[in-house]
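These notes are about the structure you will find just below.
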Amino acid sequence: MTAKSSRREFLTRSVQGVALAATGGLVWSYLLQQQAQAAPHAIRPPGAHDESDFNAKCIKCGQCVRDCPFDTLKLAPAGDTVAIGTPYFIPREIPCYMCIDIPCVKACPTGALDPSLEVIEDSRMGLAVIDIENCLSWQGLRCEICHRECPVQNKAITVEHHPRKISKHAMFVPLVHSDACTGCGVCEKACPTQEAAIRVVQPELVQGMIGEHYRLGWTIDTPITQDFKPQKRTDDQAEPATGLDYLNQGDL
Amino acid sequence: MAVDNNTARVGPNGKIIRPFIMPADLPGKINVWRFIIYRRIVQLSTLLLFFGSAHWGWTVANEPVLIGNLSASTLLGAIPLADPFAVLQIFLTQHVLETEVIIGAGIILLIYASLGGRTWCSWVCPINMVADLSSWLRRRLPIKDRFILSRNVRYTVLALSLILSAITGVAAFEWVSPISMFHRELIFGIGMGWMAVLGVFIFDLFVLRDGWCGHLCPLGAFYALVGKVAPVRILFDSPSCTHCGECARVCPEPQVLNLKQATEVEMIASGECTNCGRCITVCPEDTLCFGLRWQSYTSNESSQNFESHQ
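Line by line, the protein sequences give chains A and B.
Here the working numbering is used: the first residue of the first sequence is 15, the next is one more, and so on.
Here the working numbering is used: the first residue of the second sequence is 3, the next is one more, and so on.
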């Protein structure tokens, strides 16, 4: 073999090798992407924040699963709907009972479950939402089981009265407050309807956002004096009136 | 042994080449199988310690014995252990890890850096039992090797798993590893992981001999690199060796039995050796034995056989 052809041979082989590795790498990364997005809305143990962050840091050792005293947590086997080997729970089967010492977070060796979570009430595993078409309270029955079972008592779920069409009797309906709901799922477990009418979901699936430019001046808990103060206009800043002040003209 | 000098083949050092003969009696057989038996005991008891701690509440001094799995675990409620390769992959995803898992990975790395990196492969890894079964069957079935793949492909897979971890942001091998899947599902509930195990079995049996463990597995490649420095090695006594080739026939990584190199350094120097001990028990001349790299070893057969031939 001449030096030239052996060099050509070497180059061809190198290119083939690199191409094979690249092909393998592409297929492999495709599989990883698929798997990582398997169930982006699974209900995770306390202290698991962002799903992609959690997916990266979880080493799939199952120590949180083993240390859960209520057998709430499961480790997803291959072929499950949840990303392989990661812990999750199904609230309707066994909810999180919010242990005050948070043993699952303590068991996590990698920090995929954030060790800075010290008060279980600060955890946000999900958010309970109510299907008012199937909620017994919304049919006018005095159910309110979710309210009574809720471990963040009278903060995460409150009972509000609500007029009931033309009836003289009011309805007492549960209302979930996202600032207190941990997503533990005790309400979902307790809901007496055939399919739970209150369910824990990932907040981003259901929660909207008003937008920072809205100032709700009439609500009690919106402190408008902090960063928004109505200022007196000086004359040179004054803009000419752009509309008719018809409400005050008295000839409606 | 009665040897007919006229027909006997003679090795390069003038010694008669004696074949390995399996002893007919059971104690003799058990002696030949001793490392396989030890390895199975170690593999199964590791698995049992994990399983017993998870399901039967095994404790020592009120602390669970071994909680977790081979990816990461806690020994006796205090000592963290972790798979250094998995930790390296997570590290490359650019996420900050807790010290606990880093200490655990350090401990395991230290253990395998002293015992021989791929001691993991043949003494602990659960897939080894599947691969060994496949290879045992293959030797008894008329399956020819039709497919050649360089054993260095594993280093490419190793590099790929590190690169992909950095690119995709998840631990690339951990998410597809049949080892983790198999072990995790044995302890935490069976899913589809057995399909990956079956895949390894079929691939090794019909496609490529020792295909997974000997050619592809990046964890094996990782430990092969770690094992280069290990003090525990298989020592080689070159004067007694007749180059009969019995060791290479049973070795799952025959390229490590580079006798020229072994003669120079008096040991099996390659990190790819899994310390399975098969070669030790089949060697008719007792040329090989476990030892530390600075020890020297002389076989009892060394002079004996040579003299009898004279």
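We put the beta carbon where it would ideally sit given N, CA and C, even for glycine.
For residue i, count neighbouring C-beta atoms within 10 Å of its own C-beta (all shown protein chains included) and say buried if the count is 16 or more, exposed if not.
| i | result |
| --- | --- |
| H55 (chain A) | exposed |
| E287 (chain B) | buried |
| M269 (chain B) | buried |
| F224 (chain B) | buried |
| Q208 (chain A) | exposed |
| K17 (chain B) | buried |
| W214 (chain B) | buried |
| E147 (chain A) | exposed |
| E65 (chain A) | buried |
| L112 (chain B) | exposed |
| M185 (chain A) | buried |
| G199 (chain A) | buried |
| T196 (chain A) | buried |
| W1 (chain B) | Shown here, chain B extends from 3 to 312; a query on residue 1 (chain B) therefore has no answer. |
| W177 (chain B) | buried |
| L46 (chain B) | exposed |
| N7 (chain B) | For N7 (chain B), the predicted structure reports a pLDDT of 49, less than 50, and the residue's modelled location is therefore unreliable. The matter cannot be settled from this model. |
| D115 (chain A) | exposed |
| K31 (chain B) | exposed |
| Y114 (chain B) | buried |
Near residue i, what residues of its chain come up, given a Cβ to Cβ distance below 6 Å and the 5 sequence neighbours on each side ignored?
| i | result |
| --- | --- |
| E309 (chain B) | Legend: pLDDT at E309 (chain B) = 47, less than 50; position of this residue unreliable, no value from coordinates given. |
| V79 (chain A) | L87, L89, P101 |
| L237 (chain B) | M269, C291, G293, Y299 |
Can you pull the chain A neighbours of residue i, defined as C-beta to C-beta under 7 Å?
| i | result |
| --- | --- |
| W177 (chain B) | L46, Q49, I98 |
| A88 (chain B) | I73 |
Does residue i come within less than 8 Å of chain A when only Cβ atoms are used?
| i | result |
| --- | --- |
| T121 (chain B) | no |
| E268 (chain B) | no |
| H332 (chain B) | The requested residue 332 (chain B) is not part of the displayed model; chain B covers only 3 to 312. |
| N64 (chain B) | no |
| L377 (chain B) | In the structure displayed, chain B extends from 3 to 312; residue 377 (chain B) sits before or after that span and is not available. |
| D6 (chain B) | Unreliable positioning characterises D6 (chain B) in this predicted model, as indicated by a pLDDT of 49, which lies under 50. The coordinate reading is nonetheless provided below. It does not; no Cβ of chain A falls within 8 Å. |
| F292 (chain B) | no |
| I169 (chain B) | yes |
| A56 (chain B) | yes |
| I92 (chain B) | yes |
Below 8 Å CB to CB, which residues in the same chain sit around residue i once its five sequence neighbours on both sides are set aside?
| i | result |
| --- | --- |
| D145 (chain A) | A211, I212, R213 |
| D128 (chain A) | G61, A62, H63, V119 |
| A168 (chain B) | L94, T95, Q96 |
| S116 (chain B) | A232, P233, V234 |
| Q221 (chain A) | L141, S192 |
| Q312 (chain B) | Only weak support exists for where Q312 (chain B) lies, its pLDDT of 40 falling under 50; the value from the coordinates is given anyway. Closer than 8 Å at the Cβ level, and outside the excluded window around Q312 (chain B), lies no residue. |
| G125 (chain A) | K71 |
From the DSSP output, read off the bridge partner residues of residue i.
| i | result |
| --- | --- |
| P177 (chain A) | A:A184 |
| R213 (chain A) | A:V143 |
| Y102 (chain A) | A:K88 |
| R235 (chain B) | B:G293 |
| L83 (chain B) | B:S75 |
| T61 (chain B) | B:P66 |
| I18 (chain B) | B:V12 |
| W204 (chain B) | At residue 204 (chain B) the sequence reads Ile, which differs from the Trp that was named. According to DSSP, I204 (chain B) bridges with nothing at all. |
| T300 (chain B) | Per DSSP, none; premise fails for T300 (chain B). |
| T172 (chain A) | A:L189 |
| M269 (chain B) | B:L237 |
Under 8 Å Cβ-Cβ, which residues of chain B neighbour residue i?
| i | result |
| --- | --- |
| L89 (chain A) | R186, F190, G191 |
| G225 (chain A) | Within 8 Å Cβ-Cβ: nothing; G225 (chain A) doesn't reach chain B, min ~30 Å. |
| G61 (chain A) | Per Cβ cutoff of 8 Å: no residues; G61 (chain A) is ~12 Å from chain B at best. |
Is there at least one Cβ from chain B nearer than 8 Å to residue i's Cβ?
| i | result |
| --- | --- |
| Q77 (chain A) | yes |
| P105 (chain A) | no |
| I171 (chain A) | no |
| S43 (chain A) | yes |
| R80 (chain A) | yes |
| T86 (chain A) | no |
| D136 (chain A) | no |
| P129 (chain A) | yes |
| A56 (chain A) | no |
Can you pull the chain B neighbours of residue i, defined as C-beta to C-beta under 7 Å?
| i | result |
| --- | --- |
| A35 (chain A) | T158, L162 |
| K74 (chain A) | S73, E176, S182, R186 |
| P123 (chain A) | A74, P82, A84, E100, E102, V103, G106 |
| N69 (chain A) | V172 |
Should residue i be listed as close to the ligand NAD, given that the test is whether its C-beta is under 7 Å from any heavy atom?
| i | result |
| --- | --- |
| C123 (chain B) | By its list of ligands, the structure shown contains no ligand whatsoever, and the ligand NAD lies outside what it can speak to. |
Between residue i and the rest of its own chain, which residues show a CB-CB distance below 7 Å, the 5 nearest in sequence each way excluded?
| i | result |
| --- | --- |
| P109 (chain A) | T86, C198, G199, V200, E202, K203 |
| S2 (chain A) | In this structure chain A extends from 15 to 266, so residue 2 (chain A) is not present and cannot be described. |
| E174 (chain A) | V187, L189 |
Could you name the residues of chain A that residue i contacts, counting a contact when the two beta carbons are closer than 8 Å?
| i | result |
| --- | --- |
| M131 (chain B) | Those within 8 Å of M131 (chain B) in chain A number zero; the least Cβ separation is about 19 Å. |
What does residue i reach in chain B if we use C-beta pairs closer than 9 Å?
| i | result |
| --- | --- |
| L115 (chain A) | The identity of residue 115 (chain A) in the sequence shown is Asp, whereas the question assumes Leu. Near D115 (chain A) there are no residues of chain B at all, since even the closest Cβ is about 15 Å away, more than 9 Å. |
| G222 (chain A) | Chain B residues near G222 (chain A): none, gap ~28 Å exceeds 9 Å. |
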